[in-house]
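Protein chains in written order, with this note's numbering: chain A, 453 to 531; chain B, 83 to 562. By construction, the Cβ of each residue, glycine as well, lies at the ideal position given by its N, Cα and C atoms.
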């Protein structure tokens, strides 16, 4: 299981038929649906990927994080 | 190829771009000159489609300035997907345990000797190996450091939370109690941003809407006026777009839009902009999800921001972030992104993406006090004016579009003021000066929101830059 972003890149709102197909992926939970173009989901990647590939105008991306920028030097190990 | 696909025709195309692609199509196997850029067209899929071109790597940035709506993708070669051979790794070194020695360091204010609490102290006994100890000062300004059997510190760094300049001391002899004194910040000091951009006029940047995608912007700082915003962190209040445990976003916002007047306050480059805060870091969190970032970009575009500042990056590239930045461009907004602070590392994502304007950081000797940590940011290459340098921490590469002042920049932080360094600071400097120029171009701001508008903004930005002599890999088109 992993956290994934499903983003609709076509025109207009996310198609209902596509959403139904995505929601039918076994083991998938929608974590956030507050965006008009995206869903954040928890799903088994091996089941989600082929469904997304079969749909037009959707991109799939794993949820990742970026660090808060900080240029301060730090010790790597205690002497 | 056009930013959003293989064909120039369709939703996002412009007539001039189609004409340019068609011109290249007619030039296959010949050399075409555009200003100072020579392009050899090796192949073309179709008149309005992708081209295989050859051009010197130091003219990539100039090409982007001429054709900001086109994607220039380096050719890569793939290898057969065979299992790699195993190789021996370098042996792991072991360090000897020495008798522990504890040092108490006291950090005091230079003018009056009062204790400085909350300062982050980093003490190196071996700087190259990264060995030493670190900690944060308590209310008495004291921090305890376990330093083994060391008798000297190779380097001592002190980073105060606010109100003071940092400190760097080398070759410090250790004693049971050690004291250091920090210089208080004077808000009228000419740092690198003020050196290059001077004092902003009242209302400078008016009519331009800027979105800061970051850790939130203080809504109570007297020098900042936050028009609105959005918190895109899943599970948090969407209306809580103020600062949330980090000074980063407030500092970034102040470089662009602070409205104070020294010596009582501080002023950014474009105090007249309409400032909006899009918080993507959770409360007291030190990492942001790409989902939050994508949501924030979408929201900033929907809120009709003209410029979107993203002083963040470093994760793997992903199609969702790329798609959001491309959509922003297609809707007339320009996303300006910090190149990253990995010390001459490659430009980090999302700055490395063609849809972003990537900003490196430079500094200038004499625009920070001596004895501060900024001294360690001075590194070659130097510019034609030998006081200018590319910051040691800055990432560099062919994707760099511009450079900005980012060493020892004074700005707002929650509850006060502080100098900070980073491409995070250079990025809002570029956003601020872009807002200033845009504000003087109502005709440009009045263009219907679409890719033609963002292309025109980018052209204004890149054509207004002047090279400082660092070379395109370090500065792109130069300092705007």
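For a contact meaning CB atoms closer than 9 Å, what does residue i contact in chain B?
i	result
residue 509 (chain A)	Those do not exist, as residue 509 (chain A) stays about 10 Å from chain B at its closest Cβ, beyond 9 Å.
residue 521 (chain A)	330, 393, 394, 395, 396, 420, 422, 423, 504, 505 and 506
Along chain A, which residues have their Cβ under 9 Å away from the Cβ of residue i?
i	result
residue 411 (chain B)	Those do not exist, as residue 411 (chain B) stays about 13 Å from chain A at its closest Cβ, beyond 9 Å.
Where DSSP assigns a beta bridge to residue i, which residues make up the other side?
i	result
residue 263 (chain B)	B:190
residue 507 (chain B)	Answer by DSSP bridge pairing: none, since residue 507 (chain B) is not bridged.
residue 510 (chain A)	A:460
residue 205 (chain B)	B:215 and B:238
residue 484 (chain A)	A:492
residue 392 (chain B)	B:295 and B:419
residue 281 (chain B)	Beta-bridge pairing links residue 281 (chain B) to no other residue.
residue 464 (chain B)	B:471
residue 371 (chain B)	A:517
residue 313 (chain B)	B:361
So residue i and residue j are supposed to be a Cβ contact under 8 Å. How far apart are they, rounded?
i	j	result
residue 426 (chain B)	residue 470 (chain B)	With a Cβ gap of about 17 Å, residue 426 (chain B) and residue 470 (chain B) do not count as contacting.
residue 390 (chain B)	residue 384 (chain B)	About 12 Å separates the two Cβ atoms, so there is no contact after all.
residue 274 (chain B)	residue 419 (chain B)	20 Å between Cβ atoms; not a contact.
residue 565 (chain B)	residue 473 (chain B)	Absent from the structure is residue 565 (chain B), since the part of chain B shown begins at 83 and ends at 562.
residue 489 (chain B)	residue 464 (chain B)	Their Cβ separation, rounded to whole angstroms, is 13 Å, which puts residue 489 (chain B) and residue 464 (chain B) out of contact at 8 Å.
residue 350 (chain B)	residue 443 (chain B)	Not really, about 17 Å apart at Cβ, beyond 8 Å.
residue 473 (chain A)	residue 507 (chain A)	7 Å
residue 543 (chain B)	residue 561 (chain B)	No, residue 543 (chain B) and residue 561 (chain B) are not in contact; Cβ-Cβ is about 11 Å, not under 8 Å.
residue 495 (chain B)	residue 332 (chain B)	5 Å
residue 499 (chain B)	residue 493 (chain B)	7 Å
residue 441 (chain B)	residue 403 (chain B)	Not confirmed; about 17 Å, so no contact.
Alpha carbons only, please: which of the options is nearest the one belonging to residue i?
i	options	result
residue 378 (chain B)	B:358, B:367, B:271 and B:108	B:358
residue 352 (chain B)	B:535, B:437, B:249 and B:276	B:276
residue 401 (chain B)	A:461, A:527 and A:488	A:461
residue 528 (chain A)	B:214, B:432 and B:143	B:214
residue 365 (chain B)	B:325, B:289, B:346 and B:388	B:325
residue 479 (chain B)	B:430, B:509 and B:104	B:430
residue 308 (chain B)	B:155, B:374 and B:295	B:295
residue 457 (chain B)	B:336, B:348, B:256 and B:251	B:251
residue 471 (chain A)	A:492, A:513 and A:454	A:492
residue 408 (chain B)	B:528, B:537, B:110 and B:238	B:537
residue 187 (chain B)	B:229, B:148 and B:114	B:229
residue 287 (chain B)	B:339, B:310, B:256 and B:271	B:339
residue 318 (chain B)	A:467, A:494 and A:484	A:484
So which residues of chain A does residue i contact, with C-beta pairs closer than 7 Å?
i	result
residue 335 (chain B)	Near residue 335 (chain B) there are no residues of chain A at all, since even the closest Cβ is about 14 Å away, more than 7 Å.
residue 355 (chain B)	Result: empty, since nearest Cβ-Cβ is about 22 Å, beyond 7 Å.
residue 316 (chain B)	483, 484 and 492
residue 380 (chain B)	487 and 489
Consider the Cβ of residue i: report whether some Cβ of chain C lies at a distance smaller than 8 Å.
i	result
residue 102 (chain B)	The structure shown contains no chain C; the protein chains it does contain are A and B.
Anything in chain B within Cβ reach of residue i, meaning under 8 Å, just list it in chain order.
i	result
residue 528 (chain A)	211, 212 and 213
residue 459 (chain A)	376, 401, 402, 405 and 406
residue 517 (chain A)	369, 370, 371, 372 and 397
residue 495 (chain A)	Within chain B, no residue comes near residue 495 (chain A); the closest Cβ sits about 14 Å away, beyond 8 Å.
residue 513 (chain A)	372, 400, 401, 402 and 403
Along chain A, which residues have their Cβ under 8 Å away from the Cβ of residue i?
i	result
residue 475 (chain B)	523
Beta carbon of residue i: closer than 7 Å to some heavy atom of the ligand COA?
i	result
residue 486 (chain A)	Looking at this structure, you won't find the ligand COA or any other ligand, since it has none at all.
Task: Members of the segment 475–491 of chain A near chain B, C-beta cut-off 9 Å - done: 483, 484, 486, 487, 488, 489 and 490
TODO: Check distances from the C-beta atoms of the segment 435–460 of chain B to those of chain A and list, in chain order, the residues that come in under 7 Å.
DONE: none
Task: Where the segment 284–300 of chain B meets chain A: residues whose CB sits under 8 Å from a CB there - done: 297
Task: Contact list for the segment 355–373 of chain B against chain A, Cβ threshold 7 Å - done: 363, 368, 369, 370, 371, 372 and 373
- [ ] Check each residue of the segment 236–258 of chain B: if its Cβ is closer than 9 Å to any Cβ of chain A, include it; give the result in chain order.
- [x] 237, 239, 241 and 248
Task: Interface residues of the segment 188–222 of chain B facing chain A [CB-CB below 9 Å] - done: 202, 204, 205, 206, 207, 208, 209, 211, 212, 213, 214, 215 and 216
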